[in-house]
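According to my numbering, the sequence shown holds residues 1 to 303 in order.
Each residue gets a CB set at the ideal place from its N, CA and C atoms; glycine is no exception.
The structure displayed is predicted, hence computed values, not measured ones.
Data block below; observations after.
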Amino acid sequence: MLALRLLRGNYPLRDVVIPILEPVNRAHAPLHRLLNAFGEANDNLIVVTNPYQHEFHGRGLDGWIEPIGEAIDSHGSLIPGLLCTQATTVEQIRGFLAQYQRRDVALLYMNTRLTEANAQRLADRANIRFHINLQERMSAAHRAMLPREKVVDIRDDFQRKARNSDYEGIEFFTDRHLNFQEVAVGFGDYTILGATFEAGGGPAAAVAIHGTFKERGGDVWVEHFVSDDIELNVGTVGEKFLQAAGKLVARAQEFPRKFGNDEALQDYAADVAAEHFPGLGKSKERQIYHHLALMHQLLTGEL
């Protein structure tokens with residue numbers, strides 16, 4: 001969420017980047033602040049109103065949904081979203097649409113079980129601004145019913161490895177920003193996090209920093225910068241961070257027209273120069289920020 005707040009403050013997001021946020025923590029104050037920041041700036045943000053992962057798993061939404069609902073009701077630019085899975089009933093979808101019948105909403109589909117008639121009725125609903133196809137877990141017949149000007153295809157373009165030390169070299173990430181308009185109004189990914197949520201783990205044996213960049217022809221690739229020390233009892237986490245960050249900074253400064261020079265890259269460079277370790281959480285935030293900033297610059301022609 002911190003990456004989104006910083007991004008909103010540094011880039012004009014409207015009609016370019018619309019974040020999709022699926023909460024995993026029940027503490028509502030940080031999310032409430034983020035929603036208000038986007039709403040007061042009249043920027044769009046889609047927030048899933050029926051989260052189920054991590055702290056929401058097996059628990060209801062009481063005590064969380066009320067303040068979040070108040071923020072949504074206060075700002076017309078915020079877009080409530082409903083995650084539609086194999087467990088979601090038609091009645092639940094109808095209830096969501098009835099609750100927000102006077103504003104734009106988004107439906108996010110993931111293995112959703114719908115009859116052809118129900119899918120067609122949803123495709124015809126005027127206030128559904130976005131039909132979001134998560135990881136292509138939707139039948140071709142259902143996808144074909146949806147109007148192109150409302151469809152967003154979300155894919156997991158990040159190839160997650162079991163250990164940080166397993167990452168190496170450069171991998172293709174996406175080229176969909178070059179051709180998405182042929183089949184949809186938008187596209188998306190899970191940044192460098194991947195689709196599978198993972199809570200914080202134990203001590204890092206190796207530190208990895210994933211930096212996306214523009215390759216020749218406009219494709220986006222990702223380079224993995226891994227610390228030299230990859231054993232648990234060798235070196236400190238701070239030293240490993242500086243090893244990985246130093247590699248990223250050197251590469252970004254060598255190829256500024258590929259990586260750009262956003263605030264996250266500048267912060268990495270400052271830490272390397274000062275030999276400062278900001279924490280792994282801050283490093284992850286910067287990686288997310290850099291990817292979003294890179295995609296914004298590509299979509300607007302700045303890079």
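| Query | Result |
| --- | --- |
| Whole-angstrom distance between Q99 and I209, CA atom to CA atom | 42 angstroms |
| Under the three-state DSSP convention, the category E223 falls into | strand |
| Buried versus exposed call for K258 [16 or more other C-beta atoms within 10 Å across all chains shown] | buried |
| H142 vs A162 beta-carbon contact at 7 angstroms | no |
| Beta-carbon proximity of R155 to G194, cut-off 7 angstroms | no |
| Cβ shell of A244 (< 7 angstroms), same chain only, five flanking positions each side left out | V207, A208, I209, F225, V226 and S227 |
| Presumed contact (8 angstroms Cβ cut-off) between R153 and A184, rounded CB distance | Residue 153 is actually Asp in this sequence, not Arg. Indeed they touch by this definition, with Cβ atoms about 5 angstroms apart. |
| Start and end residues, beta strand (DSSP E) containing A130 | Looking at the sequence provided, one finds Phe at residue 130 rather than Ala. Its beta strand (DSSP E) spans residues I128 to L134. |
| Beta-carbon proximity list for Q86, same chain, < 6 angstroms, skipping 5 on both sides | N111 and R113 |
| The region 50 to 58 in contact with the region 28 to 38 per 3-pair CB rule at 8 angstroms | no |
| CB contact flag (W221, F187, <7 angstroms) | no |
| Of the listed residues G246, H291 and K282, nearest to V272 (C-alpha basis) | G246 |
| Beta-carbon proximity list for G238, same chain, < 8 angstroms, skipping 5 on both sides | F277 |
| Proximity to L178 [Cα-Cα], best of I132, G218, C84 and A293 | G218 |
| C-beta neighbour in chain B for W221, strict 7 angstroms | The chain inventory of the structure shown lacks chain B, comprising one protein chain alone. |
| Outcome for Q266 when other beta-carbon atoms lying within 10 angstroms are tallied against a minimum of 16 | exposed |
| Burial state of T196 (16 or more Cβ within 10 Å) | exposed |
| Of the listed residues L13, A199 and D262, nearest to L45 (C-alpha basis) | L13 |
| Cα-Cα separation between E198 and E70, rounded to whole angstroms | 29 angstroms |
| Option nearest I18 by Cα separation, candidates K214, R137 and V105 | V105 |
| Simplified DSSP assignment, three categories, for E263 | helix |
| Option in R8, P51, R5 and K214 with minimal Cα separation from V24 | P51 |
| Among H28, R103 and H75, nearest to I68 - alpha-carbon criterion | H28 |
| R170 - DSSP class collapsed to helix/strand/coil | It should be pointed out that residue 170 corresponds to Ile in this sequence rather than to Arg. I170 falls in the strand class under three-state DSSP. |
| Span of the alpha helix (DSSP H), counted from its first residue to its last, around L178 | Note, L178: premise wrong, no alpha helix (DSSP H); not H, not E. |
| Classification of D189 by the beta-carbon crowding that lies within 10 angstroms, buried from 16 upward | buried |
| Same chain, Cβ closer than 6 angstroms to L2, neighbours up to 5 away in sequence not counted | E285 |
| Neighbour-count burial assignment, P80, 16 or more Cβ in a 10 Å radius | buried |
| Alpha carbon of E116 to alpha carbon of N164, nearest angstrom | 44 angstroms |
| Collapsed DSSP secondary structure at A117 in the structure displayed | helix |
| 7 angstroms Cβ cutoff met for L294 and T212 | yes |
| L107 versus I93 - alpha carbon distance | 9 angstroms |
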